[in-house]
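Note that this note's numbering has the sequence shown beginning at 71, numbered continuously upward.
Where is the CB? At the ideal position from N, CA and C, for every residue including glycine.
Note that the coordinates shown come from a computational prediction; the quantities given were computed from them, not determined experimentally.
Before any comments, here is the structure.
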Amino acid sequence: MAIEITGTGKAVPPNRVTNDDLAAKMDTSDEWIRSHTGIAARHIADESTAASDLGLEAAKNALSMAAAAWKISPEEAILSLDLIIVTTATPDHLGCPSTACIIQDKLGARQAAAMDIVAGCTGFIYGLETAAGLLDINPNRKRALVIGAEILTKVTDWTDRGSCVLFGDGAGAFVLEKTQAPMAGVGKRGIFRSILAADGSGAADLTIERGGTRNPYKTGEIVDVPPHLDMNGQAVYQFAVKAITDTIDRLLKLEGLGVEDLAYIVPHQANARIVQAAAKRLRIPEEKFFLNIEEYANTSSASIPIACDELNRSGRLKKGDIIMTVGFGAGLTYGGNLIVW
Numbered sequence: 071m072a073i074e075i076t077g078t079g080k081a082v083p084p085n086r087v088t089n090d091d092l093a094a095k096m097d098t099s100d101e102w103i104r105s106h107t108g109i110a111a112r113h114i115a116d117e118s119t120a121a122s123d124l125g126l127e128a129a130k131n132a133l134s135m136a137a138a139a140w141k142i143s144p145e146e147a148i149l150s151l152d153l154i155i156v157t158t159a160t161p162d163h164l165g166c167p168s169t170a171c172i173i174q175d176k177l178g179a180r181q182a183a184a185m186d187i188v189a190g191c192t193g194f195i196y197g198l199e200t201a202a203g204l205l206d207i208n209p210n211r212k213r214a215l216v217i218g219a220e221i222l223t224k225v226t227d228w229t230d231r232g233s234c235v236l237f238g239d240g241a242g243a244f245v246l247e248k249t250q251a252p253m254a255g256v257g258k259r260g261i262f263r264s265i266l267a268a269d270g271s272g273a274a275d276l277t278i279e280r281g282g283t284r285n286p287y288k289t290g291e292i293v294d295v296p297p298h299l300d301m302n303g304q305a306v307y308q309f310a311v312k313a314i315t316d317t318i319d320r321l322l323k324l325e326g327l328g329v330e331d332l333a334y335i336v337p338h339q340a341n342a343r344i345v346q347a348a349a350k351r352l353r354i355p356e357e358k359f360f361l362n363i364e365e366y367a368n369t370s371s372a373s374i375p376i377a378c379d380e381l382n383r384s385g386r387l388k389k390g391d392i393i394m395t396v397g398f399g400a401g402l403t404y405g406g407n408l409i410v411w
């Protein structure tokens, strides 16, 4: 049995904000942002848009592609789903209900179980492996929808010019299907190897401090600054470079592959400088990595599926291509997937 990807989709808000737009409002510049991050623009949701709204749009786009492959209607494709997983650090609600349940209802996927996964920017990698495992373990489950959906700009500290330029909003989705193709050996298909890992000792390096049970709001408290991401940038940078290099090296060795066997490495789009540093350490040509951070900035767990959808719809991914996803994020978490497209 193989867990194959039969549909991809993405969604980003229409409001595109360039570096020059930010420079008109704060002490920064296009040159500074580009040179430090590789970012030129980001898409920012309006006040009425939540993570589930972007996730729903990305899901519909992915399901339309899958339905065409299955030669059924999008409505039939929705009803055939057995599982919906949403990976997000910016859910519609704190704790409950899950954003996955909100999307399940809006889709009308009445047969699907639904749950969220919180693994920071590594969330989509965790979500793919979780969905693959749940499909594989139960003979009655066949199809799953995995969505990464984020509204990071609503938890961004817009008074911190060093971090606020990094983030954007968006969602990406994969439709997974269990098929009779092999998962190993000649002719293998789909998700065939994953690494999931974490180092909780770095949890304090990337947090939203307020609002949870550790540091809740109190009756009568005056809140000057809403909940926002706090990041130890240098610590996260050092962790990220090592996480990427270790994951790439381990995945290749576990499967006996060389970099030349990969069509693309699709990294979490956090900072182009992190990817460049990892590429240099491993002596991998930078063109082997697919980056679209210039247009979307850091969209957390949505960045990998957004990038994969762009590769897929542009025709740059061919059936049988091997790609590697690799990411890192709050927790601290890291990991990667090997996928035959």
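Exercise. If you draw a straight line from the alpha carbon of Pro286 to that of Gly165, how long is it in whole angstroms?
Worked result: 13 angstroms
Exercise. With distances taken from CA atoms, which of Gly255, Thr157, Asp300 and Leu198 is nearest Trp228?
Worked result: Asp300
Problem set entry | Cutoff 8 angstroms: Gly178 Cβ touching any chain D Cβ | The structure shown contains no chain D; it holds only a single protein chain.
For this session: Helix, strand or coil for Ser105, going by three-state DSSP, please let me know.
Result: helix
For this session: Please state whether DSSP places Gly290 in a helix, a strand or coil.
Result: coil
Exercise. With 16 as the cutoff for other CB atoms within 10 Å, does Lys141 come out buried or exposed?
Worked result: exposed
Exercise. Are Arg213 and Leu246 close, meaning C-beta to C-beta below 8 angstroms?
Worked result: yes
For this session: Report yes if the C-beta distance between Pro83 and Gly242 is below 8 angstroms; otherwise report no.
Result: no
For this session: Going by CA-CA distance only, name the one from Tyr307, Ser373 and Leu381 that's closest to Gln346.
Result: Tyr307
Exercise. Based on Cα-Cα distance, which residue from His113, Ala251 and Cys171 lies nearest to Trp411?
Worked result: Ala251
Exercise. How long is the line joining the alpha carbons of Ala129 and Gly405, rounded to whole angstroms?
Worked result: 23 angstroms
For this session: Below 8 angstroms on the Cβ atoms is my guess for Ala201 versus Ile172; work out the distance and round it to an integer in Å.
Result: Between Ile172 and Ala201 the Cβ distance is about 18 angstroms, and since that is not below 8 angstroms, they are no contact.
Problem set entry | Pick from Thr369, Leu332 and Ala372 that is closest to Pro355, judged by C-alpha positions | Leu332
Problem set entry | Expected contact under 8 angstroms - CB spacing of Phe360 and Val329 to nearest Å | Between Val329 and Phe360 the Cβ distance is about 14 angstroms, and since that is not below 8 angstroms, they are no contact.
Exercise. By Cβ distance below 8 angstroms, which residues in the same chain neighbour Glu199 in space, the five residues on each side in sequence not counted?
Worked result: Ile261, Ser264, Leu266, Gly405 and Asn407
Problem set entry | Classification of Glu291 by the beta-carbon crowding that lies within 10 angstroms, buried from 16 upward | exposed
Exercise. Between the C-alpha atoms of Asn89 and Thr369, what's the straight-line distance to the nearest angstrom?
Worked result: 16 angstroms
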